[in-house]
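There are 4 protein chains.
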Amino acid sequence: MSLFSLAARVYWEDTDGGGIVYYANYLRFLERARTEWLRSLGHSQQELAQTPGILFAVAGLSIEYRRPARLDDELTITCEPRADRATVMHFAQRIYRAAADEPVDDRRRELLVEAEVRVVCVAARTLKPKRLPDFLVAALALERS
Amino acid sequence: MSLFSLAARVYWEDTDGGGIVYYANYLRFLERARTEWLRSLGHSQQELAQTPGILFAVAGLSIEYRRPARLDDELTITCEPRADRATVMHFAQRIYRAAADEPVDDRRRELLVEAEVRVVCVAARTLKPKRLPDFLVAALALERS
Amino acid sequence: MSLFSLAARVYWEDTDGGGIVYYANYLRFLERARTEWLRSLGHSQQELAQTPGILFAVAGLSIEYRRPARLDDELTITCEPRADRATVMHFAQRIYRAAADEPVDDRRRELLVEAEVRVVCVAARTLKPKRLPDFLVAALALERS
Amino acid sequence: MSLFSLAARVYWEDTDGGGIVYYANYLRFLERARTEWLRSLGHSQQELAQTPGILFAVAGLSIEYRRPARLDDELTITCEPRADRATVMHFAQRIYRAAADEPVDDRRRELLVEAEVRVVCVAARTLKPKRLPDFLVAALALERS
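Chains as they are written, first to last, in the working numbering: chain D, 23 to 167; chain L, 23 to 167; chain Z, 23 to 167; chain R, 23 to 167.
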């Protein structure tokens, strides 16, 4: 299984008066990585909202803040998805302080954040749970093998 | 004409690593005041998006940052609307450092931000310009008199 | 023990393209309630950062999203603090869709979000854990009794 | 003169309930481009805040919203700086809907936003205006020639 990862930079918009990234804003970085993982499978959320008419809603998450990220830091956000039930995906995600071109398994990278995110596939119109589309079921099966 | 004003508090989410409110976030305070002015006329934007099917889109703005707001500051955001053309409203807006219960014309209040915001009424479906609804035309006429 | 609660309104800034509050932004509402609880004890974070030189850093949290909040919703955010160790507070927090003047134990209120937030008291300079100040220890002891 | 440009993607965090990018959030994209232009000159803001102890504060701006950006859009943000006075820079900035690998002068690109941003160099401690550092004066002179 290859771990999906995304690089991002910390800008002023992400920080707060404590000089570090505001605790809610790490969730934005986590979401970007999940979105780019989906795009890496060939699908955008705009398109999936049209056909087959689905959205992904975060149902719950837990997050541990290990070390603060600061202005100008280069972050690597990782994303390990797995299917849970027919309508639910789990993502184990981490944020490291690390340049994008460093190997993702470099042990010198500093772990900043660890999170578990539960995402439900819902019908775009009704927001009711709906089965994951086949391309996701296939991708998540591959992840597992 | 009575000047509309809204009180708001500065929280961590509004600040950046410089210890002051992030420059984009003043636009959130300005929008809250415009929304509450509209609500003071008896209308919410959710409801207007349904009937008669209109949204308000900011078409342009200019803003001057006089002094920075800081964590825990109490702000007063003012809002002076006027009609421009059949489809456009202008808002002269100011943000003061001031407790909500201080008189709005208190000269000791510190002026932090001044802005001019141009808002277009558009059809919710097509996003094309649409005439302002009658209740707004009436309210804006009152403002002028 | 009296449950602390804060009222807040959902504005455009809080929503995302799905028409509901963006999942990270609920954390902003939670933080506002914790900040106002602290202020209700007579202390602001600006002041505590000066004397005795402490900040409160979120060390971890879990959150369950039950139902989405929407534009114009009135929210009530509750906050039940308890001391954990000498340097750590836990907050059980909930967000309801509910007008500010409805009784906080009204069973008709819709529960939108439940969260557990772990907050560490740290030295403002070094960001290293520091004992909770006496006024907080006293307040948290009262909560328990 | 070479026009500086930065590519960025629109994520859920940037959109609002109208399905388009929230009007304040374009200012975040504009700031990212100014920050990366500075970095392209070999300097980060963290470092400049230490030595020679300066920050850049936005003193005012005007912005015109031509067309809305939407979820998943690829944006190109441009940045044309010029010195104004000894302590002030002006940035003419534009946001296009355009993939990063399209030529920056492609006429088919859709112009979404135009802005003029006035930035003051201030002392990090006092927030009082301070002369632009030599490397910036030199870079801005080059831009002009």
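Virtual Cβ for every residue (Gly too), placed ideally from N, Cα, C.
Quick caveat, the model's predicted, so the values are computed rather than measured.
| Check | Outcome |
| --- | --- |
| Boundaries (first-last residue) of the alpha helix (DSSP H) holding Thr98 of chain R | That residue, Thr98 of chain R, is in no alpha helix (DSSP H); its beta strand (DSSP E) goes Glu96 to Ala105. |
| Through-space distance from Val144 of chain D to Ala161 of chain Z, alpha-carbon basis | 43 Å |
| Whole-angstrom distance between Glu132 of chain D and Phe78 of chain R, CA atom to CA atom | 29 Å |
| Thr73 of chain D burial status per 10 Å Cβ neighbour count (16 or more: buried) | exposed |
| Helix, strand or coil at Ser66 of chain L according to DSSP, with G and I counted as helix | coil |
| Contacts of Ala146 of chain D in chain L (Cβ-Cβ under 7 Å) | Here the premise fails: no neighbours, minimum Cβ distance about 17 Å. |
| Any chain R beta carbon closer than 9 Å to Met23 of chain D | For Met23 of chain D, the predicted structure reports a pLDDT of 49, less than 50, and the residue's modelled location is therefore unreliable. A value from the coordinates is still provided. No, its Cβ sits nowhere closer than 9 Å to a Cβ of chain R. |
| C-alpha gap between Tyr118 of chain R and Arg140 of chain R, whole angstroms | 21 Å |
| Where Leu63 of chain D falls, given that 16 or more other Cβ within 10 Å makes a residue buried | exposed |
| Strand pairing of Pro151 of chain R, partner residues [DSSP] | R:Val144 |
| Nearest neighbour of Ala46 of chain Z, chosen from D:Gly41, D:Asp36, D:Ile42 and D:Gly40 [CA to CA] | D:Asp36 |
| Partners in chain Z for Tyr45 of chain D, counting only beta-carbon separations shorter than 7 Å | Leu49 and Val80 |
| C-alpha gap between Trp59 of chain D and Pro90 of chain Z, whole angstroms | 25 Å |
| Members of the segment 57 to 81 of chain R that neighbour chain L once the beta carbon cut-off is set at 7 Å | Leu77, Val80 and Ala81 |
| Under the three-state DSSP convention, the category Asp79 of chain R falls into | Reading the sequence as shown, one finds Ala at residue 79 of chain R and not Asp. Note: Ala79 of chain R maps to strand in three-state DSSP. |
| Min CB distance Ala38 of chain R to chain Z below 9 Å | Looking at the sequence provided, one finds Asp at residue 38 of chain R rather than Ala. With 9 Å as the cut-off, Asp38 of chain R counts as an interface residue toward chain Z. |
| Member of R:Arg88, R:Arg56, R:Leu154 and R:Ser27 whose CA lies at the smallest distance from the CA of Pro151 of chain L | R:Arg88 |
| Beta-carbon contacts of Phe157 of chain D that lie in its chain and below 8 Å, excluding the five residues immediately before and after | Leu63, Gly64 and His65 |
| Residues in the segment 82 to 97 of chain R having any Cβ partner in chain L nearer than 8 Å | Gly82, Leu83, Ser84, Ile85, Glu86, Tyr87 and Pro90 |
| For Thr43 of chain R, three-class secondary structure by DSSP | Checking the displayed sequence, the identity of residue 43 of chain R turns out to be Val instead of Thr. Strand. |
| Identity of the residues DSSP links to Ala137 of chain D by a beta bridge | D:Ile85 and D:Gln115 |
| For Thr57 of chain D, three-class secondary structure by DSSP | helix |
| Cutoff 9 Å: Glu132 of chain L Cβ touching any chain D Cβ | no |
| Nonlocal neighbours in the same chain, by C-beta distance under 6 Å from Tyr12 of chain Z, ignoring five residues either side | Lying outside 23 to 167, the shown extent of chain Z, residue 12 of chain Z is not represented and no answer is given. |
| Contacting residues, own chain, Cβ-Cβ under 7 Å from Val32 of chain R (five flanking each side not counted) | Val43, Ala91, Arg92, Leu93, Asp94, Asp95 and Leu97 |
| Contact under 9 Å by Cβ, Phe113 of chain Z with Arg56 of chain Z | yes |
| DSSP-derived helix/strand/coil call for Ala161 of chain L | helix |
| Rounded C-alpha distance that separates Gln68 of chain R from Gly40 of chain D | 14 Å |
| Cβ of Glu53 of chain R within 9 Å of any chain D Cβ | yes |
| Within chain R, the residues that Glu35 of chain Z reaches when beta carbons sit closer than 8 Å | Asp38, Tyr44 and Ala46 |
| Whole-angstrom distance between Leu164 of chain L and Met23 of chain L, CA atom to CA atom | Low confidence applies here, because Met23 of chain L scores a pLDDT of 49, under 50, leaving its location unreliable; read the following figure in that light. Answer to the nearest angstrom: the Cα atoms are 7 Å apart. |
| When D:Ala71, D:Val110, D:Ile76 and D:Arg61 are compared against Leu83 of chain D, the one with the closest alpha-carbon | D:Val110 |
| Inter-residue CB distance, Pro81 of chain D and Val159 of chain D (contact presumed, cutoff 8 Å) | According to the sequence as given, residue 81 of chain D is Ala; it is not Pro. Not a contact, Cβ separation roughly 18 Å. |
| Residue from L:Ser27, L:Leu52 and L:Ala30 whose Cα sits closest to the Cα of Ala137 of chain L | L:Leu52 |
| Neighbour-count burial assignment, Arg107 of chain D, 16 or more Cβ in a 10 Å radius | exposed |
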